[in-house]
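Asker: Line by line, the protein sequences are chains A and B. Residues 1 to 432 (the numbering used here) make up the first sequence, in order. Residues 1 to 432 (the numbering used here) make up the second sequence, in order. Note that the Cβ used here is the ideal one computed from N, Cα and C, for glycine as well. The structure's right below; bear with me while I get my questions together.
There are 2 protein chains.
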Amino acid sequence: MAKISAPKGTRDFYPDEMRRRRYLEDVWRRVSLRAGFEEVDGPIFESLELYIQKAGEEIVTQLYNFEDKGGRPIAIRPEFTQSLARMVVARQAALPRPIKWFNISRCCRYERAQKGRLREFFQWNCDILGAEGPAADAECIAVAIDALQEFGLTKEQVEVRLSSRKLLSVMLAKLGLSDAAIPKVYLVLDKRGKVPADVIHHMINEIEMTEDQRKRVVDIMDMSSLDGLPSFFGDDPEVLEQLRELSQVVSLLGDDAAQFVRIDFGIVRGLAYYTGPVWEVFDKTGTLRSLCGGGRYDNLIAASGGKAMPACGFGAGDVTMGLLLDSLHAWPNDLTPRADFYVSCVQAASVSKVLPLVRRLRSLGRSAIHDLISSNIARQIKNADAMGVRYNVVIGSHKCSDDEVILGNMRTHEERTIRIQDLLKSVQDGTI
Amino acid sequence: MAKISAPKGTRDFYPDEMRRRRYLEDVWRRVSLRAGFEEVDGPIFESLELYIQKAGEEIVTQLYNFEDKGGRPIAIRPEFTQSLARMVVARQAALPRPIKWFNISRCCRYERAQKGRLREFFQWNCDILGAEGPAADAECIAVAIDALQEFGLTKEQVEVRLSSRKLLSVMLAKLGLSDAAIPKVYLVLDKRGKVPADVIHHMINEIEMTEDQRKRVVDIMDMSSLDGLPSFFGDDPEVLEQLRELSQVVSLLGDDAAQFVRIDFGIVRGLAYYTGPVWEVFDKTGTLRSLCGGGRYDNLIAASGGKAMPACGFGAGDVTMGLLLDSLHAWPNDLTPRADFYVSCVQAASVSKVLPLVRRLRSLGRSAIHDLISSNIARQIKNADAMGVRYNVVIGSHKCSDDEVILGNMRTHEERTIRIQDLLKSVQDGTI
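This is the structure in C-alpha cells:
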C-alpha cells in the first residue's frame, strides 16, 4: 500500500515533540490552576453560524468548514472564544461570578502555513467574566507573566506591550482627526514594527491631517509610558479618566510585574471586539510573531445572545512559544522520563514472576519496565542502562532464594540481595 | 443575536464535567507513563485515503469527512490507530524497539448518538510494536487492569474477557465446519451477550452443520477457561500450539491480575485486522458497552505500507468508563481544587499590595486568589469560605504595620499577625 503523509500544515508529535508540547501545556495548566482558573472545554467543531455571527462571512475563507452528513454547516474551531461565549450564555444566570475559566484547545485555521503559523495549533486561553474593574485586566496580565517566568523567561527577553482601545480613541477624537483619517491611523499603528519605518512614514504622510495633528499622532505612536500624556491633553477629563484606568492596571500589577510592561499604542489588535485595555507579549529580539495577546471585550457576551457582561482574557499559542524556547535554548534540559525500575529475569522458569513484581511496583506509583522481546540478560541490562533506568531488579539469580531478588543501582553499580517484600516496603516508604 | 447550541452528539465541558474528564485522562496518562509508554499524537484530521485504505469505502458513512479549501479529501480522525500506523511507517527504521506508545485522542464519528456512544469522545490507546511474544500481550492487559484498579474497580465489578482469533479459527477448522458455516459461527459468537439467548439459539440452529458440530460449537461458546480444551481436541498439535500461546498470556499476568481475566470465545472483535489474542473489558452487571478492547494485530504495519512488524494494543473510551463510574458512584469524592490562599484587602490604599503578594505565593507553587469585583471585606471572607480556601490573608488592617498581614486559618478560625517575609518563608519551607 502507498504511504500517506500527514495533512499540510499539521504536525506529528513523536515522543520528543510530544514531551515538549506536554511541557508547554503543563506550565499553562499549572499557572492557570494556581491563579484559581477552572478548566473548561467545548467540542472540536461548532455550528458555522457561531463564527459568522461574530466575525462575518469573510471568516469562512479561513475555516475548515463543511456540511456534516445531516446537512448541518459546521466548522472545526479556529479559536475557543466563541465556544466560551456560547457556554457562558447557555448558563449565564447560574454561573457564580466572577467566572474564571481557562482552556487549552486544539484549533485549526485554513491559512497559508509559514513560520510561527500552522494550520493546526494549540492555544491557551484564560478569561475572566463578570468583573469590570482594572483588577481583572491586571490579573490576566499577571497570569501571562507568571507563565513567561515559569518558562524561565526574563524581562530582558520578553515584554508585555499595553495599550487601551478607549484611551486611544478618545485621544484621536480630541486631536480633531476626521472620521476618514481615524481608521487609517489605526491601520498605521497596527502595522508599526511589522513593516519598515519608511513605509510607516509614507503611510502617515498619506493620511489627510494638519501638520500639527500628524506630529501629535507620531508622538502618541512613539510614547512608551503614560507620563507624557497629561502635558499633551492638559486636564481633559475624558482623557484623564481613560488614562487613570490604564495607569491603574499597571499599578495593580506591582513593580515586579510592571517591569515586564511597556506602554505601546501600536497594540491595536485585529479583532473588532476589544473595548478597553489591550496587550500583546513579544520577544524583545522582535523576530517572532506575538507570543500572547489579550484585552477587555465587554461586548462579546451580549453580542452572543446573552445579557451584557464585562469580560477580559487572553490567548497564547504553542507554535510561537515553541520557536522562542528553541531560539533561546530555553527548553528544560531533559524532559525524557526515566523509569525507576527495570525488572529482568535470568532464567526462563522465573519469567512468570516478572510482570507480577512490575505490577506491584507500578501500583506503588513507580515506573517499572521489563523485557518484551526475549532479550538475554546482558542485553536487558544494557537496555536498562541506555534508558537511564535507576534500579535494575534481577529475578531468578542463583544467588537468590525464591523470595529474593538482586537490586542494582544503575548509577553507582552497587548490588545487593533483598527480599521482595522488603523491596516493596522500602519503595512504599520512599527509601528506595 | 440568536443563541446557538453545541452540535448534536457533542458535549460542553463546564468545570464539573472537565474535572471528571481530566481525572480520567490523568489516570490514563499516569498508568501509561509508569509502564514506560511514551506519549504521541497526530493531527485531528487525516487524509480520507488513510481510513479507506484500512477499512474500505463503507467507513466513509461513519466519518466527518470533507474537502479542504485546497480540494484535499480529509476526515476528522475516528480513532488513532491509522495515525499511529502512518507515524510508525514514516520512521520505521529509526525507531528503537519495542515501540511503546500511548495516546489520548479526541476522536469523532458520525454515528447515531445513544447511551455510551457520542459523536465526539476521548480515547486512550496503548500500543506495543516490534514485540511478537505473549509478553507484550500480557503487558497490554496488565496496563489496562492497572487503570481499572487505579479507578478503584475490583474483579467483582469488571472483567477482562480473553480469546484468541488464531485458536478459535484453528478449532473451528478442526471441527470440519464448512467455509460457509464458519463466518456464521463468528457472527453468533459476536452477538452472544448482546441479544437474548433464544435469538442466539435460533441463530445456531440456522447454521448448516451436524448435530455433533453444533454441540461442540455450543461447548466452545460456553467455555470460560482453557482447562477443558485438550480433552476436546486431544493432542492436536495446531490446537495445542495456539492454546499454549493463549495460556502463556494468562500465566505471565500472574495470579493477581489473572483474577480479572476470563476466557470467552465470544470476544471476536469487529475489526478485521486482529490476528492473535483479543480481549475486551466489561462491567460485570453487563449493562454497558465494552469499556476497553484490544489485541494483537500483526498485519497492520505491512498493510499501511511499512515492513511487517508484530503489534498489539488496546483502546478505551471516556464515555462508557464515565457511565460506569457514575453508576458505581466511584468518582473520587471531591475533584474540586481548593485555593491555598485568599488575599483580601481592608483599605483602598493597600489595594496595590494585593496582586504582588498573590504573585509571590503563586510563584512558590501555591494557589492564591483575590477579589476582582470590589467586594467589601466581609463579602471577600465569605467568598473565600464558600470556596473552601485554606488561609485568608488580610492586607492593610489597622492591627498591622506596613510589612505585616493577618493570616487566618479558614478551618480553625485562628488568626495571627505575621510579617510578609516570614509568611513567604514558611510557605517556601512548607510549614504553611
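In chain B, what lies closer than 9 Å to A:P7 by C-beta?
Answerer: Translated into positions along the first sequence, residue 7 of chain A becomes position 7. Under the 9 Å cutoff, chain B gives P43, F45, E46, S47, D68, R72 and I74.
Asker: Using Cβ-Cβ distances below 9 Å, what residues of the region 351-382 of chain B are close to chain A?
Answerer: Hits within the stretch, in order: V351, S352, K353, V354, L355, P356, L357, V358, R359, R360, L361, R362, S363, G365, R366, S367, A368, I369, H370, D371, L372, I373 and S374.
Asker: Starting from the N-terminal side, write out each stretch of the alpha helix (DSSP H) that is 4 residues or longer and does not extend beyond the region 38-104 of chain B.
Answerer: Listed in chain order, the complete alpha helix (DSSP H) runs (minimum 4 residues) inside the region 38-104 of chain B are 48-55 and 81-90.
Asker: So if DSSP puts A:Y342 in a beta bridge, which residue, or which two residues, is it bridged to?
Answerer: Taking the first sequence and counting its residues from 1, the one referred to as residue 342 of chain A is at position 342. According to DSSP, A:Y342 bridges with A:I369 and A:N392.
Asker: Let me make sure I understand the geometry here. Which of A:A6, A:A75 and A:M221 has the alpha-carbon closest to that of B:A6?
Answerer: Residue mapping note: residue 6 of chain B aligns to position 6 of the second sequence, counting from 1. Residue A:A75 is the option with its Cα nearest to B:A6.
Asker: Could you tell me the alpha carbon to alpha carbon distance between A:A433 and A:E208, rounded to whole angstroms?
Answerer: Residue 433 of chain A is absent from the structure shown; chain A starts at 1 and stops at 432.
Asker: Does chain B have any CB closer than 8 Å to the CB of A:A384?
Answerer: Along the first sequence, one-based indexing puts residue 384 of chain A at 384. No, no contact with chain B.
Asker: Give the range of the alpha helix (DSSP H) segment to which B:A386 is assigned.
Answerer: Taking the first residue of the second sequence as position 1, residue 386 of chain B is located at position 386. Counting along the chain, the alpha helix (DSSP H) containing B:A386 begins and ends at I377 to A386.
Asker: Might you give, ordered along the chain, the residues of its own chain that have their beta carbon closer than 8 Å to the beta carbon of B:M87, omitting 5 neighbours on each side?
Answerer: Along the second sequence, read from residue 1 onward, the residue named residue 87 of chain B stands at position 87. The residues are V40 and G42.
Asker: Answer yes or no: do A:R338 and A:R390 have a C-beta to C-beta separation smaller than 8 Å?
Answerer: If you number the first sequence from 1, residue 338 of chain A lands on position 338. If you number the first sequence from 1, residue 390 of chain A lands on position 390. Result yes, Cβ atoms of A:R338 and A:R390 sit closer than 8 Å.
Asker: According to DSSP, what are the bridge partners of A:Q157?
Answerer: Looking up residue 157 of chain A in the first sequence gives position 157. Looking at the DSSP assignment, A:Q157 forms no beta bridge with any residue, so it has no partner.
Asker: Would you call the CB atoms of A:A144 and A:P310 closer than 8 Å?
Answerer: Counted from its first residue, the first sequence places residue 144 of chain A at position 144. Counted from its first residue, the first sequence places residue 310 of chain A at position 310. Taking 8 Å as the Cβ cut-off, A:A144 and A:P310 do not qualify as a contacting pair.
Asker: Rounded to the nearest angstrom, what separates A:I99 and A:G313 at their Cα positions?
Answerer: Taking the first residue of the first sequence as position 1, residue 99 of chain A is located at position 99. Taking the first residue of the first sequence as position 1, residue 313 of chain A is located at position 313. When rounded, the distance between both Cα atoms is 11 Å.
Asker: For a cutoff of 8 Å on Cβ pairs, would you count A:S251 as touching chain B?
Answerer: Position 251 of the first sequence, counted from the start, is the residue given in the question as residue 251 of chain A. Yes, A:S251 counts as interfacial toward chain B.
Asker: Within this structure, are the beta carbons of A:V217 and A:V185 separated by less than 8 Å?
Answerer: Taking the first sequence and counting its residues from 1, the one referred to as residue 217 of chain A is at position 217. Taking the first sequence and counting its residues from 1, the one referred to as residue 185 of chain A is at position 185. Yes.
Asker: I want to verify the contact list: residues of chain B whose CB lies under 8 Å from the CB of A:R22, in sequence order.
Answerer: Numbered from 1 along the first sequence, position 22 holds the residue referred to as residue 22 of chain A. Residues of chain B passing the Cβ test: E39.
Asker: Under three-state DSSP, which class holds B:V278?
Answerer: Within the second sequence, numbered from 1, the residue matching residue 278 of chain B stands at position 278. In the structure shown, B:V278 sits in a strand (DSSP, three-state: E or B).
Asker: For a cutoff of 8 Å on Cβ pairs, would you count A:D146 as touching chain B?
Answerer: Numbered from its first residue, the first sequence carries residue 146 of chain A at position 146. It does; some Cβ of chain B falls within 8 Å.
Asker: Do B:R192 and B:M221 have their C-beta atoms closer together than 8 Å?
Answerer: Within the second sequence, numbered from 1, the residue matching residue 192 of chain B stands at position 192. Within the second sequence, numbered from 1, the residue matching residue 221 of chain B stands at position 221. Yes, Cβ-Cβ distance for B:R192 and B:M221 is below 8 Å.
Asker: In chain order, what residues of the same chain have a beta carbon less than 6 Å from the beta carbon of B:G315, not counting five sequence neighbours either side?
Answerer: Within the second sequence, residue 315 of chain B is the residue found at index 315, counting from 1. The residues are Q123 and N125.
Asker: Does any residue of chain A have a CB that is nearer than 8 Å to the CB of B:K174?
Answerer: Taking the first residue of the second sequence as position 1, residue 174 of chain B is located at position 174. Closer than 8 Å: no.
Asker: Considering only C-alpha positions, which residue in the set A:G306, A:H370 and A:A386 is nearest to A:A93?
Answerer: Along the first sequence, read from residue 1 onward, the residue named residue 93 of chain A stands at position 93. The option with the nearest alpha carbon to A:A93 is A:G306.
Asker: Could you check if B:R97 is buried or exposed, using at least 16 other CB atoms within 10 Å of its CB as the buried criterion?
Answerer: What you label residue 97 of chain B is simply residue 97 of the second sequence in a count that begins at 1. Classification for B:R97: exposed.
Asker: From B:R379, B:I381, B:S225 and B:G9, pick the residue whose C-alpha is nearest to that of B:Q114; which is it?
Answerer: Counting from 1 along the second sequence, the entry for residue 114 of chain B is found at position 114. Of the candidates B:R379, B:I381, B:S225 and B:G9, the one whose C-alpha sits nearest the C-alpha of B:Q114 is B:G9.
Asker: For the beta strand (DSSP E) holding A:C312, just list the boundary residues, first then last.
Answerer: Looking up residue 312 of chain A in the first sequence gives position 312. Unbroken beta strand (DSSP E) run through A:C312: A311 to G317.
Asker: Pull the bridge partners of B:F151 from the DSSP assignment, please.
Answerer: Your numbering for residue 151 of chain B matches position 151 in the second sequence. DSSP output for B:F151 lists no bridge partner at all.
Asker: Enumerate in chain order the residues of its own chain whose CB-to-CB distance from A:S426 is below 6 Å, with the five nearest sequence positions on each side excluded.
Answerer: As a working note, residue 426 of chain A is residue 426 in the first sequence. These residues qualify, in order along the chain: I432.
Asker: Interface residues of chain B around A:V89 at Cβ under 7 Å?
Answerer: Indexing the first sequence from 1 puts residue 89 of chain A at position 89. What A:V89 touches in chain B: K3.
Asker: Going by Cα to Cα distance, which pick from B:G56, B:H370, B:R360 and B:R91 is closest to A:D256?
Answerer: Sequence index remark: in the first sequence, residue 256 of chain A carries index 256 (1-based). Measuring from the Cα of A:D256, the nearest candidate turns out to be B:R360.
Asker: Secondary structure at B:C126, three-state DSSP: helix, strand or coil?
Answerer: Taking the second sequence and counting its residues from 1, one reaches residue 126 of chain B at position 126. Reduced to three states, the DSSP call for B:C126 is strand.
Asker: Give me the subset of the region 108-120 of chain A whose CB atoms are less than 8 Å from a CB atom of chain B, sorted by chain position.
Answerer: Listed by position, the residues of the region 108-120 of chain A near chain B (Cβ gap below 8 Å) are C108, Y110 and E120.
Asker: So, helix, strand or coil for B:F233, using DSSP?
Answerer: Residue numbering aside, residue 233 of chain B sits at position 233 when the second sequence is read from its first letter. It is helical.
Asker: Just checking: is the beta-carbon of B:P277 within a distance shorter than 8 Å of some beta-carbon in chain A?
Answerer: Here residue 277 of chain B refers to the residue found at position 277 when the second sequence is read from its first residue. No - not a single Cβ of chain A is within 8 Å of the one on B:P277.
Asker: In the DSSP output, which residue or residues are listed as bridge partners for B:E120?
Answerer: Within the second sequence, the letter at position 120 stands for residue 120 of chain B. Its beta-bridge partners are B:C108.
Asker: Shortest alpha-carbon distance to A:L423 belongs to which of A:F341, A:A303, A:I128 and A:S374?
Answerer: The count along the first sequence starts at 1 and reaches residue 423 of chain A at position 423. The option with the nearest alpha carbon to A:L423 is A:F341.
Asker: In the DSSP output, what is A:A13 paired with across the bridge?
Answerer: In the first sequence, counting from the first residue as 1, residue 13 of chain A sits at position 13. For the record, residue 13 of chain A in the displayed sequence is Phe; it is not Ala. Its beta-bridge partners are B:D41.
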